[in-house]
Each structure stands twice: as structure tokens, then as C-alpha cells.
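A short write-up of the structure that comes next.
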Amino acid sequence: MPEAFKFELVSPERLLVSEQVESVVIPGAEGEMTVMAHHAPVMTTIKPGVVTVKTAEGKAERYVVFGGFADIVPAGCTLLAESAVAVGDIDRADLARRIQEAREDVADAKDDETRSKAEQFLSQLTTLEGAILPA
1 MPEAFKFELV SPERLLVSEQ VESVVIPGAE GEMTVMAHHA PVMTTIKPGV VTVKTAEGKA
61 ERYVVFGGFA DIVPAGCTLL AESAVAVGDI DRADLARRIQ EAREDVADAK DDETRSKAEQ
121 FLSQLTTLEG AILPA
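In the UniProt record's numbering, the protein residues as written are 1 to 135.
This is the structure:
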């Protein structure tokens, strides 16, 4: 059985998770990464996506995050999310609103760099929508 480590998922509204876990899959800016006990120290930005937590009891829990960053050290991992909610509690209307706002940001972009960033964020949100909401 894998060794457990301390994981915390924090949003501005509340502390969602603070417990011993076996592993955490994080949607890092450079791609998904799995964190386990004794992971090498690293700090990474988080893109909108799903965080999958495997608890010490072997149960899987999923949370939607909308950006932030993760601080990973050998003794644990803290993920500070701009916004986070359990997948089961996701508000379809809120996600649709975020996607609509991202579409408006693309349309309102004044230069190529701003448009590119807005298009990337919109793509991440629509991918997230497909990953968590049934068709």
C-alpha cells in the first residue's frame, strides 16, 4: 500500500480537503501530474480541470478547480485554487456563465496575445465541461 501524505485543497471560500491521501492528480499548466508521498519539491500553476484525490482509505474524490497553484514538498501538497468545488456539487449554470464570459473575452480581445490567452482559457473550460458533465 502506498504511503500516505498530507494534502490540502483550499479555495478563497473554504478549506475543501485537509487529510492524509495516497495520491493526487493535479491539472498542472504543463500537463497532468500525479503527486505521491516524498515527491520532489515543485511549485506549479494550475489550469482549469479536475483534481482527483485517492484517500488513504482507497476512495477516489474529484474536485473541479478553476486555476491557482500547487506547492508540492516531500511531506505534502497544498493546492490553492482560485475557485474549487466537488464534482458532484458543480453548478451547470456557473460553468455555462464562465464559458460565456470566456467567449466574450475572446471577442473583445484587443491584440493577438490577449486573444490567444482568452482562447486557451475558453478551450480549457470547454474541455472541463466535457470531462465532468454527462452529454
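Positions of the beta carbon are idealized from the N, C-alpha and C atoms, including for glycine.
The structure displayed is predicted, hence computed values, not measured ones.
Look up residue i in the DSSP assignment and say whether it is helix, strand or coil.
i	result
Asp71	strand
Ala135	Interpretation of Ala135 is limited by its pLDDT of 48, a score under 50 that renders its predicted location unreliable; the figure taken from the coordinates is listed afterwards. Ala135: coil per DSSP, three-state reduction.
Phe66	coil
Gly58	coil
Ala29	coil
Ala40	coil
Ile46	strand
Near residue i, what residues of its chain come up, given a Cβ to Cβ distance below 7 Å and the 5 sequence neighbours on each side ignored?
i	result
Leu125	Pro48, Arg98, Ile99, Ala102
Leu80	Val10, Gly68, Phe69
Lys54	Val21, Glu22, Ser23, Ala60
Val35	Ser23, Val24, Ile26, Ile72, Cys77
In terms of DSSP beta bridges, what is residue i paired with?
i	result
Gln20	Lys6
Val106	DSSP lists no partner for Val106.
Just tell me which of the options has its CA closest to the CA of residue i.
i	options	result
Val17	Asp112, Ala56, Ser123	Ala56
Ala84	Ala29, Val50, Ala37	Val50
Near residue i, which residues of its chain fall below 8 Å by C-beta distance, leaving aside the five closest residues on each side in sequence?
i	result
Ala15	According to the sequence provided, residue 15 is Leu. The question's Ala does not apply to it. Once the five neighbours on either side are set aside, the close Cβ partners of Leu15 are Glu8, Leu9.
> Would the segment 36-46 and the segment 63-79 be scored as touching if the rule is three or more Cβ pairs under 8 Å?
Replying inline: yes
> Okay, do the segment 89-97 and the segment 12-25 touch, 3+ Cβ pairs below 8 Å being the bar?
Replying inline: no
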